[in-house]
Structures are given as structure tokens and as C-alpha cells.
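Residue numbers (our numbering): 585 to 862.
In this text, a Cβ means the ideal position worked out from N, Cα and C, and glycines have one as well.
No experiment lies behind these values; they were computed from the predicted model shown.
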Ligand code: GLU
């Protein structure tokens with residue numbers, strides 16, 4: 585009886601392995617760029633100004649524009665792109681499984697992540713900050729101790745708060761940024777912490793106008809990279825070349841103006857490819 589169970593389990597594992605291998609091959613994630621092929625790209629769906637799925641099903645934001653530019657350099661027109669939502673804690677696995685060819689999703693380069701994925705870039709430097717209600721008197725990170733704070737599971741921001749800035753804050757981790765914004769609006773949390781680029785996008789949303797403010801603390805350096813499957817050096821090199829061209833051709837400046845202009849986000853200048861700001 586016991587033996588039969590083990591055999592069944594082994595068969596299940598084998599079957600899963602076969603399915604995973606089939607999915608990881610050339611079909612779908614954009615390994616081949618001939619003709620009408622599609623490319624799958626991971627983005628965020630709930631970050632206004634960076635990666636947002638609009639009510640009509642279209643996509644907008646700086647990461648979307650960067651991804652579209654890079655895809656073009658890789659041989660894919662905009663209509664060949666299939667955007668896939670890659671939430672913060674899912675990004676490494678999405679690349680490992682081969683669900684997407686690359687990820688442009690406010691994805692900070694760090695040593696922990698580099699163990700399981702490779703990064704092209706960086707293509708943007710952001711900083712961790714706090715978003716609070718307009719009348720809040722929170723003005724520094726240590727004010728958060730004893731307060732309710734929202735962040736997203738698996739983000740560098742959540743980790744920094746726990747390990748560093750405010751270990752005594754009551755940190756509530758959600759699966760996405762929209763959940764944190766609702767919690768801030770309802771008063772369930774006193775602050776939301778993540779990259780200033782993301783917070784500025786939320787603060788500028790019509791429905792939140794005047795309700796929130798960024799505290800303006802540069803709590804960390806977040807070097808956004810484009811994630812690729814570990815060892816996919818060919819794609820990595822092509823993406824780095826594409827990012828360099830995006831900056832030198834001023835397409836990067838246009839994407840900045842289009843997406844950060846409305847939120848009045850004062851971004852840092854374009855980073856140099858391969859140079860991480862510690
Ligand atoms: N850039 C940070 C990170 O990669 C926070 C934003 C996010 O959740 O993507 O963790």
C-alpha cells in the first residue's frame with residue numbers, strides 16, 4: 585500500500601516535470617523572434633505611472649514603455665507583446681518557470697535576488713519613502729515604531745523596515761499595492777512604504793488628489809533592473825544594448841516625461857548600465 589502511494593506520487597512528479605519542460609521550451613515566452621511570434625513580458629498591474637492595467641484592458645506606465653522599447657529592439661512589435669502580471673513575491677519563480685521572457689516591474693536589483701535571476705540595467709534609480717495622509721505628523725522613519733505600516737510581501741521595502749528603519753512598527757504585508765492604498769485611505773494603517781516612484785503615482789491619482797503626501801525620505805537606493813532567467817546571457821546582453829539605446833536616443837526621457845510628469849515625480853538621471861548605486 586505504502587509502495588503504491590510512493591509510485592503514484594513519483595508519477596505525479598514526473599508528469600509535472602514533463603509539463604514544466606514543455607512550457608519552458610520555445611513556445612510562448614518569446615524565445616524565437618521570427619514572424620508572428622509573441623513575447624511574454626512580466627509587469628505590475630497596480631502601479632499607476634509604472635505598470636498599470638487600465639479598465640479598457642490596455643497597459644500604461646514607465647515600465648510598460650521600457651518593456652515595449654526593449655521588446656522592439658528584440659524584434660517584437662507592440663502587438664506581439666503579451667503582458668503578464670508578475671506580483672512582487674512571484675517574480676523569481678515566473679522567470680525560473682519560463683512564464684515570461686523578461687520582467688520590467690519596479691524590480692530592484694539585489695544580491696539575494698541575483699542568486700536566482702539575472703538583471704539587465706539598471707534603468708531607473710528610485711528611493712524608498714513613506715506615503716501618509718495629508719494631515720499626518722509622521723516625518724521620519726522612527727516615527728513608525730508602534731504605528732501600523734503597510735508594505736508588500738517580498739518587497740525590499742518590507743525587508744528594510746523589519747531589519748532596519750522601524751523594527752517596532754506593526755507591519756502589515758499585503759500581496760499588492762492597491763490593498764495597501766485602501767488600508768491607508770480607510771485608516772487601517774498609518775503609512776504605506778515603498779519606492780517614491782510608486783508612491784508618487786498613487787498620490788497623483790484623481791480619486792486620491794489631496795488625500796496623501798510623500799514624506800520625502802530617501803531611505804534606500806532602489807536600482808530597477810530587468811529580470812531574466814538565470815544564465816540567459818544572450819537576452820541579457822540584448823536588453824542592456826536596448827536600454828543603452830533607449831537612453832542615448834532620448835526615448836528614455838520621453839518615457840520619463842510621459843509617465844512621471846503627471847505625478848510630478850522628480851526622478852534621478854538615467855543610470856549607467858552596469859552601475860549599481862549602493
Ligand atoms: N522596488 C522594490 C522591490 O523590488 C519595491 C517595489 C516592488 O514591490 O516591486 O521590492
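Which residue's Cα is closest to the Cα of residue 830: 642, 705, 689, 634? Here residue 830 corresponds to residue number 246 of the chain shown, with the count starting at 1. Residue 830 has its Cα closest to that of 705, out of 642, 705, 689, 634.
Taking the alpha helix (DSSP H) that residue 765 belongs to, which residues open and close that run? In the chain shown, residue 765 corresponds to position 181, counting from 1. Annotation: the continuous alpha helix (DSSP H) that includes residue 765 extends over 761-770.
Residue range of the beta strand (DSSP E) that residue 702 falls in? Start at 1 with the first residue of the chain shown, and residue 702 comes out as number 118. Per DSSP, residue 702 belongs to the beta strand (DSSP E) from 701-710.
Near residue 721, which residues of its chain fall below 6 angstroms by C-beta distance, leaving aside the five closest residues on each side in sequence? Within the chain shown, residue 721 is the residue found at index 137, counting from 1. Excluding positions up to five away in sequence, the list is empty.
Runs of alpha helix (DSSP H) wholly within the segment 801-862 (minimum 4 residues, chain order): 817-832, 835-844
So for residue 775, helix, strand or coil by DSSP? Indexing the chain shown from 1 puts residue 775 at position 191. Three-state result, residue 775: strand.
What are the start and end residues of the alpha helix (DSSP H) that includes residue 679? Residue 679 sits at position 95 when you count from the first residue of the chain shown. Residue 679 -> alpha helix (DSSP H) spans 675-681.
Given 6 angstroms as the limit, tell me if residue 849 has its C-beta closer than that to any heavy atom belonging to the ligand GLU. Within the chain shown, the letter at position 265 stands for residue 849. It does not: the Cβ of residue 849 is nowhere closer than 6 angstroms to a heavy atom of the ligand GLU.
Between the segment 729-736 and the segment 782-802, are three or more C-beta pairs nearer than 8 angstroms? no
Counting by C-beta, which residues lie closer than 7 angstroms to a heavy atom of the ligand GLU, in chain order? 628, 672, 689, 690, 691, 692, 710, 736, 738, 739, 740, 741, 778, 779, 782, 806, 808
Starting from residue 749, follow the alpha helix (DSSP H) in both directions and report where the run begins and ends. Residue mapping note: residue 749 aligns to position 165 of the chain shown, counting from 1. First-last for residue 749: undefined, no H or E at that position.
Just to check my reading of the structure: residue 636 and residue 643 have Cβ atoms closer than 8 angstroms, yes? What is that Cβ distance to the nearest angstrom? Along the chain shown, read from residue 1 onward, the residue named residue 636 stands at position 52. Along the chain shown, read from residue 1 onward, the residue named residue 643 stands at position 59. Between residue 643 and residue 636 the Cβ distance is about 7 angstroms, and since that is below 8 angstroms, they are a contact.
Roughly how many whole angstroms lie between the Cα atoms of residue 612 and residue 675? The residue you call residue 612 lines up with position 28 of the chain shown. The residue you call residue 675 lines up with position 91 of the chain shown. Summary for residue 612: the model assigns pLDDT 48, below 50, so the residue's position carries little reliability; its value from the coordinates is reported in the next sentence. Residue 612 and residue 675: Cα-Cα distance of roughly 18 angstroms.
For the alpha helix (DSSP H) that contains residue 718, what are its first and last residues? On the chain shown, position 134 is the one that residue 718 refers to. No alpha helix (DSSP H) contains residue 718, which DSSP labels as neither H nor E.
Distance between beta carbons of residue 714 and residue 777, contact taken as under 8 angstroms: Looking up residue 777 in the chain shown gives position 193. Looking up residue 714 in the chain shown gives position 130. Contact holds; Cβ gap of about 5 angstroms.
On the DSSP letters alone, give me the boundaries of the beta strand (DSSP E) that residue 626 sits inside. Position 42 of the chain shown, counted from the start, is the residue given in the question as residue 626. Taken as a continuous stretch (DSSP letters only), the beta strand (DSSP E) holding residue 626 covers 623-627.
Beta-bridge partners of residue 758, as assigned by DSSP: Counted from its first residue, the chain shown places residue 758 at position 174. Per DSSP, 736.
Taking Cβ positions, are residue 660 and residue 835 nearer each other than 7 angstroms? Within the chain shown, residue 660 is the residue found at index 76, counting from 1. Within the chain shown, residue 835 is the residue found at index 251, counting from 1. Against a cut-off of 7 angstroms, the Cβ pair of residue 835 and residue 660 comes out as no contact.
Buried or exposed (CB count within 10 angstroms, at least 16 for buried), residue 861: Position 277 of the chain shown, counting from 1, holds the residue named residue 861. Looking at its Cβ environment, which holds fewer than 16 other Cβ atoms inside 10 Å, residue 861 is exposed.
Quick check on the DSSP output: what are the complete beta strand (DSSP E) runs of length 3 or more inside the segment 630-700, in order along the chain? 635-637, 665-669
Might you give, ordered along the chain, the residues of its own chain that have their beta carbon closer than 6 angstroms to the beta carbon of residue 708, omitting 5 neighbours on each side? In the chain shown, counting from the first residue as 1, residue 708 sits at position 124. Cβ within range, chain order: 808.
Residue span of the beta strand (DSSP E) that contains residue 728, given as start and end: Here residue 728 refers to the residue found at position 144 of the chain shown. Segment: none, residue 728 is in no beta strand (DSSP E) and carries neither H nor E.
How close, in whole Å, do the beta carbons of residue 738 and residue 673 come, if the pair is a contact with beta carbons under 8 angstroms? As a first step, residue 738 is located in the chain shown; it is residue number 154 there, counting from the start. As a first step, residue 673 is located in the chain shown; it is residue number 89 there, counting from the start. Indeed they touch by this definition, with Cβ atoms about 3 angstroms apart.
Just to confirm the assignment, what range does the alpha helix (DSSP H) spanning residue 785 have? Taking the chain shown and counting its residues from 1, the one referred to as residue 785 is at position 201. For residue 785, the enclosing alpha helix (DSSP H) starts and ends at 780-787.
For the putative contact between residue 750 and residue 726, defined by C-beta atoms under 8 angstroms, what is the C-beta separation to the nearest angstrom? Residue 750 sits at position 166 when you count from the first residue of the chain shown. Residue 726 sits at position 142 when you count from the first residue of the chain shown. Right, the Cβ-Cβ distance comes to about 6 angstroms (below 8 angstroms), so this counts as a contact.
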